[in-house]
Amino acid sequence: MGRDCGGVGTDPHVESHGTEPACELYLQRGLATHRPWRVDLFQRKVGMSTFSTTGLAPAAPAQVRLAGGRVQDDLRAMAMVWRRELIRFSRNRLRIVTALVQPILFLFVLGTGMASMISRAAPGAAAGSDFKTFMFPGVVAMTVLFTSIFSAVSVVWDREFGFLREMLVAPVRRSALIFGKCLGGATVATIQALIMLALAGLVHVPYAPTLLVVLVGEMALAAFVLTALGMALAARMSQVESFQVVMQFVVLPVFFLSGALFPLTGLPGWLAALTRIDPLTYVVDPMRHAVFDYLVVSPRISSAFDAGLTWGAWKVPIGLQLGLFAAFGAVMLTIAIATFSRTD
Amino acid sequence: MSKAGTTSSAAAQSREDAVEVVNLTKRYGDLQAVRGVDFTVAPGETFGFLGPNGAGKSTTISMLCTLIKPTSGLAKVAGFDVVTQRSEVRRRIGLVFQDTTLDDYLTAEENLKFHAELYGVPRSQALERLETVLQMVGLWERRKGLVRTFSGGMKRRLEIARGLLHSPRVLFLDEPTVGLDPQTRSHIWSYIDDLRTKETITIFLTTHYMDEAEHCDRIAIIDQGRIVIMDTPAALKASVGRDRVQIQTDDHQAAILALKKKFGLEATVSEGQVVVHVTAGEQFVPKLFADLGMAISSVSIARPTLDDVFMTYTGRTIRDAEASSSERLAAGPWIRAARRR
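Protein chains in written order, with the numbering used here: chain V, 154 to 497; chain G, 4 to 344.
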């Protein structure tokens, strides 16, 4: 510990008690007739040459192969960024539970309240549970939305606490890091939404394997696209406080306009227009359509709850909706990569 | 430095300067943060940038680490240009920043594994290397601990370990001990000194602590974006002037007269001792005993400190310099950088 004072026998611990090095203290206290730093330098040189000749320590650092900017290196980096998201997610159990509260409140409290109101207003038109069934895909989409954006925006915390810098200075492509982060956020959001999906039976959505496969696929797509959206937003955010801004100005409008809570038919023109420019709309409708495909309901309920998304009078095909949604995600990913590549 | 070195084999590169900087500048709007610095750092050398906060140390180190682009000038690290060959540079450097860049929610080991993956350390070597660096900083036993449970000193040690994990050619330490208590600071230094003997590595560090600069082989004193002087700590101190020799005798007045008569030196009494300034204290002391002709009960020699050096070359103490540069900063576009401290 401390510098060698040339074997004068000083207590090296002295050094830690003040700003003056121990040698200096010693010199001022008593007799010393040598220049400690010379001895110090000399000893270091001797030490180094000793090492290189005897091989006690490698003369050159053990040459570790350097990352060569190859595809494998980028894939490794991507996989690690992805893994980090999962590790962090699994360590934060409270977050997992907390993220379930809101969708459950929407589904079972708001859903039940609305259902009883509907059945009172139009007796016999719809069984109470039908509205909850209607809301179910919307609430699953909501879980995906909130979890994805939260995962993506956590990059702002990474920036605040410095870890982003560790990532950005690494000799790998930024695109690999961003893609890994989006994949990680998408995986986490999909897992979170799977927990909600497990509640399907409570709202009379059948556990049909093909339905589940379709829903999980759509959830995963939504999770990736929305994480990319969150990354594109987070790329320009430098403060943790901006998270509130994103919540209020992006996440909540996107959720309320998506048709998760009410059918998008027969709306006033301004609201209809807003709902059609909401990206989430284009995954909520396909998810709902998938659910209603597996239900036996009266044509009246079907036309009320699963009328399908229209542009004017034209009903937008499910495939096109998902295609547009995926394209939106690709644009967001590109923006995120471009923005992060510019910042140093 | 040969031009061929940059294109030929690694063997040729290893003979090159670890860091080569020619007339490097950085301007932020009206603020000239770095005003043309030139220096080279030899392989295996420990080179320190000493100066007050806001002198341009961190800006220079950021340019060398490819984190910010120079306004003009040339900088090469491990033989690669920091502007045109950024990835090549990044693969060969280790970085320890002023601010922590660890993930608090991962364990020490996970943080290092993350780094190993990002820097492409071969899996066959990664675990061995991980143990080596964790042992070096004394954190091997704590490898499973979450970083959020670590103290400031442990975090800094972990960052140093991480900076070494991919066996960089040059390790950059930006204020490695800032914000740590004196005991922890001296611990960090003992690890760094240990590292210098165990691995042949070039270390480039910045500090605004005078006493820490003494751990370097060479120091550049930087003030207001310029290198004021560059030399070994000993040479810098020698250049400042003479050693202060304090002599304890029974009769101070007789001693002063004798010093005047025998050596032609003007001595004074200070704090109960006879004080005289000479150029080489050690050589003077034997002569003193031989020729003074009176009893001496004790002698001590005090060196000029780096504080004296800074004072001599800039006309200010480092504290004064910091006060004025923080005013300069508050008005400039560096507010973000300053705020983070």
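Beta carbons are placed, not taken as given, at the ideal position from N, Cα and C, and that holds for glycine.
None of these values were measured; they are calculated from a predicted model.
Given a cut-off of 8 Å, decide if residue j and residue i are closer than it, judged by their beta-carbon atoms.
i, j, result
"alanine 294/V", "valine 404/V", "no"
"proline 290/V", "valine 450/V", "no"
"alanine 361/V", "threonine 300/V", "no"
"leucine 115/G", "leucine 133/G", "yes"
"glutamate 238/V", "valine 325/V", "no"
"phenylalanine 136/V", "isoleucine 271/V", "Residue coverage of chain V in this structure runs from 154 to 497, which leaves residue 136/V outside it and unanswerable."
"lysine 240/G", "proline 307/G", "yes"
"aspartate 177/G", "valine 150/G", "no"
"alanine 216/G", "leucine 309/G", "yes"
"serine 304/V", "glycine 266/V", "no"
"glycine 296/G", "alanine 261/G", "yes"
"alanine 387/V", "valine 309/V", "yes"
"valine 262/V", "phenylalanine 396/V", "no"
"glycine 166/G", "valine 99/G", "yes"
"glycine 284/G", "aspartate 246/G", "yes"
"threonine 209/G", "isoleucine 71/G", "no"
"glycine 54/G", "aspartate 226/G", "yes"
"valine 124/G", "leucine 77/G", "no"
"phenylalanine 402/V", "proline 432/V", "no"
"glycine 315/V", "methionine 231/V", "no"
"histidine 190/G", "asparagine 56/G", "no"
"isoleucine 331/V", "isoleucine 490/V", "yes"
"glutamate 113/G", "isoleucine 249/V", "no"
What do you get for residue i, buried or exposed, if any count of 16 or more other CB atoms within 10 angstroms of its CB means buried?
i, result
"asparagine 26/G", "exposed"
"valine 22/G", "buried"
"phenylalanine 313/G", "buried"
"isoleucine 224/G", "buried"
"isoleucine 430/V", "exposed"
"glutamate 19/G", "buried"
"lysine 60/G", "buried"
"lysine 79/G", "buried"
"lysine 147/G", "exposed"
"phenylalanine 377/V", "buried"
"arginine 312/V", "buried"
"proline 179/G", "buried"
"glutamate 319/V", "buried"
"aspartate 446/V", "exposed"
"phenylalanine 242/V", "buried"
Could you pull out every residue in the same chain whose Cβ sits closer than 8 Å to the Cβ of residue i, ignoring the five residues on either side in sequence?
i, result
"lysine 201/G", "Met139"
"arginine 199/G", "Thr49 and Ile206"
"leucine 142/G", "Ala111, Met157, Arg160, Leu161 and Ala164"
"histidine 442/V", "Asp459, Gly461 and Ile471"
"leucine 420/V", "Thr428"
"valine 356/V", "Leu260, Gly264, Ser282, Lys285, Thr286, Met288 and Phe289"
"arginine 38/G", "Thr28, Gly59, Gln227, Gly228 and Arg229"
"alanine 257/G", "Met297"
Hey, out of the options, whose CA is closest to residue i's CA?
i, options, result
"threonine 349/G", "Val22/G, Pro46/G and Val40/G", "Residue coverage of chain G in this structure runs from 4 to 344, which leaves residue 349/G outside it and unanswerable."
"valine 407/V", "Gly419/V, Gly422/V and Ala375/V", "Ala375/V"
"valine 297/V", "Ile490/V, Arg389/V, Ser456/V and Leu382/V", "Leu382/V"
"lysine 347/G", "Gly228/G, Gln276/G, Val243/G and Val277/G", "Outside the displayed span of chain G (4 to 344) sits residue 347/G, for which this structure offers no information."
"glutamate 269/G", "Gln249/G, Ala78/G, Glu113/G and Leu34/G", "Gln249/G"
"aspartate 184/G", "Lys263/G, Gln35/G and Gly155/G", "Gly155/G"
"leucine 121/G", "Met288/V, Arg223/V and Val309/V", "Arg223/V"
"aspartate 253/G", "Thr74/G, Val302/G, Gly51/G and His211/G", "Val302/G"
"cysteine 219/G", "Asp226/G, Ile230/G, Ser242/G and Ile195/G", "Ile195/G"
"arginine 389/V", "Ser494/V, Ala274/V, Leu247/V and Arg244/V", "Ser494/V"
"valine 369/V", "Gly333/V, Ile348/V, Ala385/V and Phe481/V", "Ile348/V"
"arginine 327/V", "Val366/V, Gly476/V, Leu228/V and Ala346/V", "Leu228/V"
"threonine 152/G", "Leu109/G, His169/G and Val136/G", "Leu109/G"
"valine 292/V", "Arg273/V, Ala275/V, Ala346/V and Ala479/V", "Ala346/V"
"histidine 118/G", "Leu321/V, Arg453/V, Ala479/V and Val366/V", "Leu321/V"
Within its chain, find whatever has a CB closer than 6 Å to the CB of residue i; leave out the 5 residues flanking it on each side and keep chain order.
i, result
"proline 171/G", "Arg95, Ile96 and Gly97"
"alanine 373/V", "Thr343"
"arginine 188/G", "Thr180"
"valine 35/G", "The amino acid occupying residue 35/G in the given sequence is glutamine; valine does not appear at that position. Only Gly228 meet the Cβ criterion."
"leucine 417/V", "Thr428"
Looking only at its chain, what residues have a beta carbon closer than 7 Å to the beta carbon of residue i, apart from the 5 residues adjacent to it on each side?
i, result
"threonine 69/G", "Val85, Arg89, Val92 and Arg93"
"glutamine 474/V", "Tyr435, Asp438, Pro439 and Leu462"
"valine 173/G", "Ala21, Val22, Val80, Ala81, Arg95, Ile96, Thr205 and Phe207"
Return yes when the C-beta of residue i is under 7 Å from any heavy atom of the ligand GDP, and no when it is not.
i, result
"valine 92/G", "What this structure holds is no ligand at all, so the ligand GDP is not there to describe."
Enumerated in chain order, which unbroken segments of the alpha helix (DSSP H) with a length of 4 residues or greater are wholly contained in the segment 137-209 of chain G? Unbroken alpha helix (DSSP H) runs of no fewer than 4 residues, entirely contained in the segment 137-209 of chain G, are found at 155-168 and 185-201, following chain order.
Please give the ranges of any alpha helix (DSSP H) in the segment 227-313 of chain G, keeping only runs that are unbroken, at least 4 residues long and fully inside the region. 236-243, 255-261 and 284-294
Complete runs of the beta strand (DSSP E) confined to the segment 261-345 of chain V [at least 3 residues]: none
Going along the chain, which unbroken runs of the alpha helix (DSSP H) with 4 or more residues stay wholly within the segment 71-135 of chain G? 89-94 and 111-121
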